[in-house]
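K.L.:
Numbering (full-length UniProt numbering), first residue to last: 1 to 303. Just dropping this structure here.
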């Protein structure tokens with residue numbers, strides 16, 4: 001086992017017994033919403049996975065230790081510390097570990113730690129991607145590169161709608177990352193169920209996804225898989241309203257010179273403000289929805 005990694009006893013036992021485990025990220029806890037809503041939501045997502053018959057493993061760094069599975073107290077620690085917790089992608093992990101700090105994991109960092117622990121399925125909100133204007137800024141999320149090399153399936157509601165979805169699809173295709181649509185023919189756009197961009201293969205059941213993953217990794221075709229799961233219809237937002245809010249938030253980010261790892265948290269927070277909190281409510285529901293599907297896929301993968 002990796003000398004820097006601690007696997008929670010419940011998670012370790014499940015992995016030893018061949019039971020289904022689903023990884024969860026922690027950026028949504030420290031950077032996604034205020035206390036105590038962040039802790040309550042994180043624990044609710046874990047309970048949804050347990051109710052579906054799998055074991056949750058929230059991923060984070062606590063006092064410089066990589067954690068695959070958190071206690072309730074550790075979730076509270078991250079939730080209360082909020083924005084003071086370092087948001088960690090691949091490049092940040094050595095610093096946070098060597099400095100003995102707390103870290104909240106992005107999609108990329110969660111994939112890395114999940115793979116270390118032997119966890120194959122990860123449920124989140126939306127993946128990062130190619131930012132709008134990347135042809136001049138070169139602002140491309142490290143999530144995409146991680147998907148090209150790390151053997152973890154990421155169940156998400158597509159890519160965040162603040163991104164350039166067309167360029168994100170092109171990047172994934174170039175790097176050989178399959179994009180599976182769960183009961184959909186188009187790439188979901190986070191807050192909305194559809195976009196103008198296609199997926200690679202449509203999957204009707206969790207078992208279909210599990211069979212795909214088994215075949216890919218069984219052939220030693222390394223790298224992740226995007227499982228795009230549209231937000232439930234009753235929680236989807238009006239496309240015109242969300243597009244307007246995103247455009248305004250993007251303009252404000254340019255005017256304020258916000259870039260890099262600060263960009264996504266700023267944009268999501270500003271969109272939530274501009275939509276009167278509706279986007280945050282939708283965000284929570286799509287995470288719940290992805291957790292349920294992630295558990296189903298993980299269970300099928302163990303059969």
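Note that the Cβ used here is the ideal one computed from N, Cα and C, for glycine as well.
Drop a sphere of 10 angstroms on the beta-carbon of residue 283, count the other beta-carbons inside from all chains shown, and report buried for 16 or more, exposed for fewer.
P.N.:
Taking the first residue of the chain shown as position 1, residue 283 is located at position 283. Buried, since its Cβ has 16 or more Cβ neighbours within 10 Å.
K.L.:
What is the C-beta distance between residue 287 and residue 271, in whole angstroms, given that I count them as a contact (C-beta under 8 Å)?
P.N.:
For the purposes of this step, residue 287 is identified with residue 287 of the chain shown, where counting begins at 1. For the purposes of this step, residue 271 is identified with residue 271 of the chain shown, where counting begins at 1. About 16 Å; that fails the 8 Å criterion.
K.L.:
Under 7 Å Cβ to Cβ from residue 280, same chain only, skipping five residues before and after it: list those, please.
P.N.:
Taking the chain shown and counting its residues from 1, the one referred to as residue 280 is at position 280. Once the five neighbours on either side are set aside, the close Cβ partners of residue 280 are 33 and 272.
K.L.:
Measure from the alpha carbon of residue 149 to the alpha carbon of each residue in 207, 81 and 226, then state which is nearest.
P.N.:
Walking along the chain shown from the start, residue 149 turns up at place 149. Residue 226 is the option with its Cα nearest to residue 149.
K.L.:
Assess, as a yes-or-no matter, whether the stretch 101-112 is touched by the stretch 37-54 under the definition of 3 or more beta carbon pairs within less than 8 Å.
P.N.:
No, because fewer than three Cβ pairs between the stretch 37-54 and the stretch 101-112 fall closer than 8 Å, the two stretches do not touch.
K.L.:
Which one of 221, 142, 260 and 292 has the shortest CA to CA distance from residue 182?
P.N.:
Residue mapping note: residue 182 aligns to position 182 of the chain shown, counting from 1. Selected option, being the one with the closest Cα: 292.
K.L.:
Within its chain, find whatever has a CB closer than 7 Å to the CB of residue 19; leave out the 5 residues flanking it on each side and keep chain order.
P.N.:
Here residue 19 refers to the residue found at position 19 of the chain shown. Cβ within range, chain order: 55 and 302.
K.L.:
Whether or not the stretch 105-124 and the stretch 23-31 are in contact is what I'm after, with contact meaning three or more pairs of Cβ atoms, one per stretch, closer than 8 Å; do they touch?
P.N.:
The stretch 23-31 is in contact with the stretch 105-124.
K.L.:
Can you tell me whether residue 95 is helix, strand or coil according to DSSP?
P.N.:
Residue mapping note: residue 95 aligns to position 95 of the chain shown, counting from 1. Helix, per DSSP.
K.L.:
Counting pairs of beta carbons, one from the stretch 124-134 and one from the stretch 152-165, are three or more of them closer than 8 Å?
P.N.:
Because the criterion of three Cβ pairs below 8 Å is met, the stretch 124-134 and the stretch 152-165 touch.
K.L.:
For residue 35, which residues in the same chain have their Cβ closer than 8 Å to its Cβ, ignoring the five residues on either side in sequence?
P.N.:
The residue labelled residue 35 in the question sits at position 35 within the chain shown. Cβ within range, chain order: 79, 80 and 82.
K.L.:
Curious, which full-length beta strand (DSSP E) runs of at least 3 residues does the stretch 86-150 contain?
P.N.:
The stretch 86-150 contains these whole beta strand (DSSP E) runs: 86-88, 103-105 and 121-123.
K.L.:
Would you report the Cα separation of residue 173 and residue 62, rounded to the nearest angstrom?
P.N.:
The residue you call residue 173 lines up with position 173 of the chain shown. The residue you call residue 62 lines up with position 62 of the chain shown. Each residue's Cα considered, the two are about 35 Å apart.
K.L.:
Is residue 114 closer than 8 Å to residue 295 when the C-beta atoms are compared?
P.N.:
As a working note, residue 295 is residue 295 in the chain shown. As a working note, residue 114 is residue 114 in the chain shown. Going by C-beta atoms, residue 295 is not nearer than 8 Å to residue 114.
K.L.:
Assuming the contact rule is C-beta atoms closer than 8 Å, residue 304 and residue 253 should be a hit. Round their C-beta distance to whole Å, please.
P.N.:
The displayed coordinates of the chain run from 1 to 303. Any statement about residue 304 would go beyond what the structure contains.
K.L.:
Assign residue 4 to one of three DSSP states: helix, strand, or coil.
P.N.:
Here residue 4 corresponds to residue number 4 of the chain shown, with the count starting at 1. Looking at residue 4 - three-state DSSP - the assignment turns out to be coil, as it is neither helix nor strand.
K.L.:
Based on the DSSP output, what are the partners of residue 65 in its beta bridges?
P.N.:
For the purposes of this step, residue 65 is identified with residue 65 of the chain shown, where counting begins at 1. Paired residue(s): 62.
K.L.:
From the DSSP output, in three-state form, read off residue 180 for me.
P.N.:
The sequence position of residue 180 within the chain shown is 180, counting from 1. If DSSP states are grouped into helix, strand and coil, residue 180 belongs with the strands.
K.L.:
What do you reckon, are the CB atoms on residue 233 and residue 202 nearer than 8 Å?
P.N.:
Here residue 233 refers to the residue found at position 233 of the chain shown. Here residue 202 refers to the residue found at position 202 of the chain shown. No, Cβ-Cβ distance for residue 233 and residue 202 is not below 8 Å.
K.L.:
Can you tell which of 16, 129 and 285 has the C-alpha that lies nearest to the C-alpha of residue 164?
P.N.:
On the chain shown, residue 164 is found 164 positions in, with the first residue counted as 1. Checked all of 16, 129 and 285; the closest Cα to residue 164 is 129.
K.L.:
Taking 7 Å as the limit between beta carbons, can you name the residues of its chain near residue 21, skipping five residues before and five after?
P.N.:
By one-based count along the chain shown, residue 21 stands at place 21. Taken in chain order, the residues that qualify are 11, 14, 15, 54, 55, 57, 119 and 298.
K.L.:
Can you give me the start and stop residues for the beta strand (DSSP E) that residue 319 sits inside?
P.N.:
Nothing can be reported for residue 319, as the shown portion of the chain is limited to 1 through 303.
K.L.:
Specify, as a first and last residue, the run of the alpha helix (DSSP H) that residue 271 falls within.
P.N.:
Reading the chain shown from its first residue, position 271 is the one you call residue 271. Start and end: 263-274.
K.L.:
Buried or exposed: which applies to residue 30, given that a residue is buried once 16 or more other Cβ atoms fall within 10 Å of its Cβ?
P.N.:
Taking the first residue of the chain shown as 1, we reach residue 30 at position 30. The residue is buried, with at least 16 neighbouring Cβ atoms inside 10 Å.
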